[in-house]
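Basically the working numbering = 1-based index in the sequence shown + 1050.
Positions of the beta carbon are idealized from the N, C-alpha and C atoms, including for glycine.
Being a predicted model, the structure only gives us computed values, none of them experimental.
Worksheet for the structure shown next.
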Amino acid sequence: MNKTAIIAAIILFALLFLSCEEKQELTEDNPKVLEAKLKKEYKKRFDAPISDFELSITNVKYYYHNAREFYYPLVMSITRTATGATAKYNIYPGYEQEYELKIDMGEWLDFVNALHKCNRVRASVWKDTIKSDVVLYLHDKRGLSNGRSLKILFSSPKEFTEYSLDMPRITEVMDSMLEGIKKRTAADVAADTKVLEDKLKEEYEKKFGVPISDFELSISKVDFRTSNFDIRAHRTAKGVHIAYTDYKGELHRGILFSELDIDDWLDFINALNKCNVNKWKKFYYYLDKNLRGDWHLDINSLDKYMLYSDGTIGYPPPIDEFIRVRGYPPNWDEFMKVIDDFRAKIVEKAEVK
């Protein structure tokens, strides 16, 4: 090959390489191209330049805390994409049963803009460098925890000035976003729920020889909390997901997660029904702290509380009410036998987290 041919080949290769590189740069997956698009769309939408804070956000996770503050289950995650964002909503916070929703570019920009507006400008301006993420433990207007936390991921380290976020306002933004996602996924949730309930009806009648009651069928979540342990049981398409914490034993401040099958769930709700827990009163008061400890029972359907019953050491209400509700609920011994048997199953199939 002569010298001229070699030079021509080198030039052709260089042109092909540059062409490929240019095509790569023009794809929306390229961060620089995406940021340029975000800047352009933001300016068009709000008639103002996008801030570094808004431009750098790549993911926002929203958590609910449960009975104990150290356990924050994920309820919603929103991740920026080349065309907007992908929102994932967990119908049962605490484990993964996600419903996914695509969000367009305009809605993503509205969302990060709403978060940016939660930044309060104070007289004493200070700076904070965020390396890759920030975790916020939210509170209400009185400064008290509202049982929410937020994790924001950023594309690169940034120094944000006047970084002082309004926590109650952030909660409003996140709750509003969550409600919007719930409404838009409601049809999918309803369809999946009907399939599951039809299956439960069939399996229950096959197992017990009688139709399942409305009370049993509507139970989607059972929380039983005491000073010694917590059980949080969520119905799933495969059975039941459980988070169990033993505060007195070796698992102090550790959580066991268990997955039990539909047969176990049917046994559990059948036993609860036999204990007549749906007829328990809301409050039970008692005075002998040596004999009893605090306890709380919550039973929920998908979208509302069905039952709340609470036993608390403390001063009684007026005497006539105190006489009516004093002591244990009815069938308490049978109920605790159900709980103890359920705990044994949980521990048998558990993973420590």
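Exercise. Apart from the five residues just before and just after residue 1128, which ones in its own chain have a Cβ nearer than 6 Å to its Cβ?
Worked result: The count along the sequence shown starts at 1 and reaches residue 1128 at position 78. Counting only Cβ-Cβ distances below 6 Å, and skipping sequence neighbours, we find 1110, 1135, 1137.
Problem set entry | Cβ distance (whole Å) where residue 1266 is taken to contact residue 1319 below 8 Å | On the sequence shown, residue 1266 is found 216 positions in, with the first residue counted as 1. On the sequence shown, residue 1319 is found 269 positions in, with the first residue counted as 1. Right, the Cβ-Cβ distance comes to about 4 Å (below 8 Å), so this counts as a contact.
For this session: Give the DSSP-derived three-state secondary structure of residue 1330 in the structure shown.
Result: For the purposes of this step, residue 1330 is taken as the residue at position 280 of the sequence shown. Here residue 1330 sits in coil by DSSP.
Problem set entry | Nonlocal neighbours in the same chain, by C-beta distance under 8 Å from residue 1387, ignoring five residues either side | Residue 1387 sits at position 337 when you count from the first residue of the sequence shown. No residues qualify anywhere along the chain.
Exercise. Going straight from the alpha carbon of residue 1375 to that of residue 1334, what length do you get?
Worked result: The sequence position of residue 1375 within the sequence shown is 325, counting from 1. The sequence position of residue 1334 within the sequence shown is 284, counting from 1. Reliability fails at residue 1375, whose pLDDT of 45 lies under 50, so the model's placement of it is uncertain and the value that follows must be treated cautiously. Roughly 5 Å between the two C-alpha positions.
Exercise. Three or more C-beta pairs closer than 8 Å, one from the segment 1253–1261 and one from the segment 1322–1329: is that the case here?
Worked result: Taking one beta carbon from each stretch, the segment 1253–1261 and the segment 1322–1329 have fewer than 3 pairs nearer than 8 Å; the two do not touch.
For this session: Would you verify that the beta carbon of residue 1271 is, or is not, closer than 8 Å to some beta carbon of chain B?
Result: No chain B appears in this structure, which consists of one protein chain only.
Exercise. Can we say the segment 1153–1171 touches the segment 1086–1104, given the rule of at least three CB pairs closer than 8 Å?
Worked result: Three or more Cβ pairs drawn from the segment 1153–1171 and the segment 1086–1104 lie within less than 8 Å of each other, which places the two stretches in contact.
Problem set entry | N-terminal and C-terminal residue of the beta strand (DSSP E) that residue 1286 is part of | Mapped onto the sequence shown, residue 1286 falls at position 236. Where residue 1286 is concerned, there is no enclosing beta strand (DSSP E), given that its DSSP letter is neither H nor E.
For this session: Would you kindly work out how many angstroms separate the C-alpha atoms of residue 1083 and residue 1166, rounded to a whole number?
Result: The residue labelled residue 1083 in the question sits at position 33 within the sequence shown. The residue labelled residue 1166 in the question sits at position 116 within the sequence shown. Roughly 22 Å separates the two Cα atoms.
Problem set entry | beta strand (DSSP E) runs contained entirely in the segment 1086–1141, provided each spans 3 or more residues | 1107–1114, 1124–1130, 1134–1140
Exercise. In terms of alpha-carbon separation, which member of 1140, 1148, 1163 lies closest to residue 1098?
Worked result: Translated into positions along the sequence shown, residue 1098 becomes position 48. Shortest Cα-Cα distance from residue 1098 to any of 1140, 1148, 1163 involves 1163.
Problem set entry | Rounded distance between the beta-carbons of residue 1381 and residue 1325, thought under 8 Å | In the sequence shown, the residue the question calls residue 1325 occupies position 275. In the sequence shown, the residue the question calls residue 1381 occupies position 331. Confirmed, about 4 Å.
Problem set entry | Classification of residue 1226 by the beta-carbon crowding that lies within 10 angstroms, buried from 16 upward | Translated into the one-based positions of the sequence shown, residue 1226 becomes position 176. The residue in question, residue 1226, is exposed, as its Cβ has fewer than 16 Cβ neighbours within 10 Å.
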